[in-house]
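Q: Chains as they are written, first to last, in this note's numbering: chain A, -6 to 368; chain B, -6 to 368. A virtual CB, placed ideally from N, CA and C, is assigned to each residue, including glycine. Just so it is clear, the structure is predicted and the values come from calculations on it, not from any experiment.
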């Protein structure tokens, strides 16, 4: 058996990679898209349905689980895998992103962050050490260094924040005690190529078993995101997985893999599902609430093999939405998750077959044509 | 193959019966409990989950589907089975019960009922003929005569209503055109044994392929419900299925089967599930929101074989409830539906084995002891 937390690079096609990351709860085949289970549940989806979707990795949020039900309670219950009944790999974030999103409810110093809970206004404090302790309580296979995720366009602030992020990465590493969890470092630096390069070099020097790129998909342009990836991924070691945090859309996944990314996560597919919106393979989205779907006997996508598309018409799904039935969120989320998971599998096959360029081309052509139209 | 809509009585144990009702969408093994899919979906449960629960029959509500999305739209979409992706038997009610529940929003005459929609106040009219036409559009295997369901304790009103119900039963029968649906008659008469006997005799005389008992579980005492069953079921033909509408609890199912009932339906298991409450085999209920469950590693019921009990602790279920996650409604509804469906299967096995009396005894003892305590 391969050693845990080693990454077997199976194939590289230009910069796109297919690999296997070994964890105590099984192998993660990359590229992989991780559905987000913020509160130890992927909203409206059961673990059995996630199993049927062949989700290879789930993400859970430390900030939310710390507040409710508490990371110590989850530790008492045997850890996240047991608590949420998921036997395959799990990744937890450090809580940093959520805390920094609290705006004027938090105060940062060089040691950590003090914040007021969005639930009841109570005061709490996260430090790199507490973020690791909480994640050790949760017991995910992959845990994340505590980092600061600033607004990406302010140069001076990004420089300050980056110094903290780097110091906190070292402290996160020092705080770690469990041997059965892989701690990933996080590259920050906003939209500034030199800061990103500096961060990638520093984080790489700490020799984490995997590296993440944070602070993207937070309001910057697609061109900025791609430029950052073009600077960062060539610096990151090729024998460790690369995780682009909080991304994204089908197009973002293609563009990420094209630039050497292996792991993605995003709330988008389930959030869209709860808002009556579905991905269609052609690259667009449909809002199924619209009246023209009332008598539409077609599935969402005739080529899709998900449970929803195999079983239900757009007319039925629209009925569930109009009638405010919970099943609509479940069925639409299943379709959207399937779309991204299947896309990562198709990319993986294309990379293994040495034809990722041809696979990605229609997506990139569409994107370029769209950019020309809107520029 | 057995002829559709015949009822094979496999075993009779005192008055309890085990049988098979043949329908165009397969055999219904009785006693059977039908989950309710009011708006063409059992709330928070997918058809695949219902399949795993081994639900033998589903109920859908004509009143709700007439208003939204419309019975004609469902007919265009190929009927209810195709629309909601359920290939096994379906039963629709006539819409009568919902319309009569509208209180001062409806007006009754001898021909039918005029009412205002609970959705938008618009005016509509149901007659026995329109109730059958709507149910023919929906296309369920079992459809119901249009009947009036009055408050059960007013004698004079129940006499009047019963005359209408009987006239409407004849008109329902005359209006029916499809050969692939079984129309069941409905016995009414409130809590009055003589009216109930008169109704059972009249409905029996119309020779429906199945007979239902309506107007129970609407506020009368358990003793009244049981007294009505004791009067009615001996009059109903033994070679046709007997359906007790809108019932119920595990105890009601035992008492119904004990008195010769074959088919039940009720919103209770899914409604309780959405209200954080679960059946426990011992015969009680738990409100899982309560604080003592926060660290309870046990399943809801250690003897239960449902997906929820096989997979999740009370602590996790309580967390989902407190965190307002939709998955709680799904998982609790699965457990509650499983409890009633498994109970009907266990009763069926006991009847086939000739030991229903012994099977029912602990339930009845518990009920008697409870009645002594509260009387």
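Is residue -2/B closer than 9 Å to residue 202/B when the C-beta atoms are compared?
A: Their beta carbons are under 9 Å apart, which means residue 202/B touches residue -2/B by this criterion.
Q: Given a cut-off of 9 Å, decide if residue 60/B and residue 35/B are closer than it, judged by their beta-carbon atoms.
A: No, they are not a contact pair.
Q: Looking at residue 222/B: is its Cβ nearer than 9 Å to the Cβ of residue 253/B?
A: Yes, these two residues count as a Cβ contact at 9 Å.
Q: Roughly how many angstroms lie between the CA atoms of residue 304/B and residue 237/B, to the nearest whole one?
A: Answer to the nearest angstrom: the Cα atoms are 33 Å apart.
Q: For the alpha helix (DSSP H) containing residue 57/B, list its first residue and its last residue.
A: Its alpha helix (DSSP H) spans residues 55 to 60.
Q: If we cut at 9 Å on Cβ distances, does residue 78/A have a partner in chain B?
A: True, the Cβ-Cβ gap to chain B drops below 9 Å.
Q: Smallest Cα separation from residue 96/B: which of 37/B, 104/B, 109/B, 178/B?
A: Nearest of 37/B, 104/B, 109/B, 178/B to residue 96/B, Cα basis: 109/B.
Q: Report yes or no: do three or more beta-carbon pairs, one from the stretch 343 to 355 of chain B and one from the stretch 335 to 343 of chain A, lie closer than 8 Å?
A: No: fewer than three Cβ pairs fall under 8 Å.
Q: Scan the stretch 5 to 93 of chain A and note each continuous alpha helix (DSSP H) run of 4 residues or more that stays entirely inside, going in chain order.
A: Whole alpha helix (DSSP H) segments, 4+ residues: 40 to 45, 55 to 60, 64 to 69, 73 to 77, 89 to 93.
Q: Kindly indicate the opening and closing residues of the beta strand (DSSP E) around residue 151/A.
A: Looking at the DSSP string, residue 151/A is not in any beta strand (DSSP E); the run it does join, the alpha helix (DSSP H), is 148 to 168.
Q: Using 8 Å as the cut-off, can you tell me whether the stretch 129 to 136 of chain A makes contact with the stretch 89 to 106 of chain A, which would need three or more C-beta pairs spanning the two stretches below that distance?
A: At 8 Å Cβ cutoff, the stretches do not touch.
Q: Quick one: is residue 85/B near chain A, going by C-beta distance under 9 Å?
A: No, no contact with chain A.
Q: Using a Cβ-Cβ distance cut-off of 9 Å, determine whether residue 378/B contacts chain A.
A: Given that chain B is displayed from residue -6 to residue 368, the structure contains no residue 378/B and the question cannot be resolved.
Q: Is residue 137/A helix, strand or coil by DSSP?
A: Residue 137/A falls in the strand class under three-state DSSP.
Q: Mapping the DSSP letters down to three states, classify residue 252/A as helix, strand or coil.
A: Three-state DSSP puts residue 252/A in coil, outside helix and strand.
Q: Give the residues from the stretch 314 to 335 of chain A that approach chain B closer than 8 Å (Cβ to any Cβ), ordered along the chain.
A: Residues 315, 316, 318, 319, 320, 322, 323, 324.
Q: Does the beta-carbon of residue 228/A, which I'm using as the reference point, lie nearer than 8 Å to any heavy atom of the ligand COA?
A: In the structure shown, the ligand COA is absent, as is every other ligand, since no ligand is present at all.
Q: For a cutoff of 9 Å on Cβ pairs, would you count residue 298/B as touching chain A?
A: No, because no Cβ of chain A sits closer than 9 Å to the Cβ of residue 298/B.
Q: Of all the alpha helix (DSSP H) runs that stay within the bounds of the stretch 226 to 313 of chain B, which reach a length of 4 or more residues?
A: Taking only runs of at least 4 residues, the alpha helix (DSSP H) segments lying wholly in the stretch 226 to 313 of chain B are 243 to 251, 261 to 267, 300 to 304.
Q: Leaving out five residues on either side along the sequence, give the residues of the same chain with a beta carbon under 8 Å from the beta carbon of residue 67/B.
A: Result list for residue 67/B: 33, 58, 73, 76, 130, 131, 132, in chain order.
Q: Does residue 61/A get closer than 9 Å to chain B when you measure Cβ to Cβ?
A: For residue 61/A, the answer is yes, since a Cβ of chain B falls inside 9 Å of its Cβ.
Q: Expressed to the nearest angstrom, what Euclidean distance is found between the alpha-carbon atoms of residue 251/B and residue 8/B?
A: Straight-line Cα distance between these residues: approximately 6 Å.
Q: Counting C-beta neighbours from all protein chains within 10 Å, is the total for residue 266/B 16 or more, i.e. buried, or is it exposed?
A: With 16 or more Cβ atoms within 10 Å of its Cβ, residue 266/B is classed as buried.
Q: Would DSSP call residue 180/B helix, strand or coil?
A: Three-state result, residue 180/B: strand.
Q: Distance cutoff 9 Å, beta carbons only. Does residue 312/B sit that close to anything in chain A?
A: Output row for residue 312/B: interface = yes.
Q: Kindly give me the distance between the Cβ atoms of residue 193/A and residue 247/A, rounded to whole angstroms, as I take these residues to be in contact under 8 Å.
A: Contact doesn't hold; Cβ gap of about 22 Å is too wide.
Q: Select from 309/A, 28/A, 311/A, 80/A the residue whose C-alpha is nearest the C-alpha of residue 256/A.
A: Selected option, being the one with the closest Cα: 28/A.
Q: Compare the C-beta of residue 39/A against all C-beta atoms of chain B and say whether one is closer than 9 Å.
A: For residue 39/A, the answer is yes, since a Cβ of chain B falls inside 9 Å of its Cβ.
Q: Say whether the stretch 318 to 331 of chain B touches the stretch 290 to 309 of chain B, bearing in mind that this needs 3 or more beta-carbon pairs closer than 8 Å, one atom from each stretch.
A: Judged by Cβ distances under 8 Å, the stretch 318 to 331 of chain B makes contact with the stretch 290 to 309 of chain B, as three or more pairs qualify.
Q: Check whether chain A comes within 9 Å of residue 264/B, counting only Cβ atoms and requiring the distance to be less than that.
A: Cβ-Cβ to chain A under 9 Å: no for residue 264/B.
Q: By Cβ distance, which residues of its chain are closer than 6 Å to residue 178/A, with the 5 residues on each side in sequence left out?
A: Closer than 6 Å at the Cβ level, and outside the excluded window around residue 178/A, lie 138, 162, 196, 199, 201, 204.
Q: Strictly under 9 Å for the Cβ-Cβ distance: is residue 46/A near chain B by that measure?
A: Taking Cβ atoms only, chain B never reaches closer than 9 Å to residue 46/A, which makes this a no.
Q: Residue 290/A versus chain B: which residues are under 7 Å apart at the beta carbon?
A: Under the 7 Å cutoff, chain B gives 70.
Q: For residue 56/A, decide whether its Cβ has a neighbour in chain B, counting only Cβ atoms nearer than 9 Å.
A: Chain B, which has no Cβ nearer than 9 Å to the Cβ of residue 56/A, makes this no.
Q: Between the C-alpha atoms of residue 114/B and residue 318/A, what's the straight-line distance to the nearest angstrom?
A: If I take the Cα positions, the gap works out to 21 Å.
Q: Check residue 324/A in the structure and name its three-state DSSP category.
A: Helix at residue 324/A.
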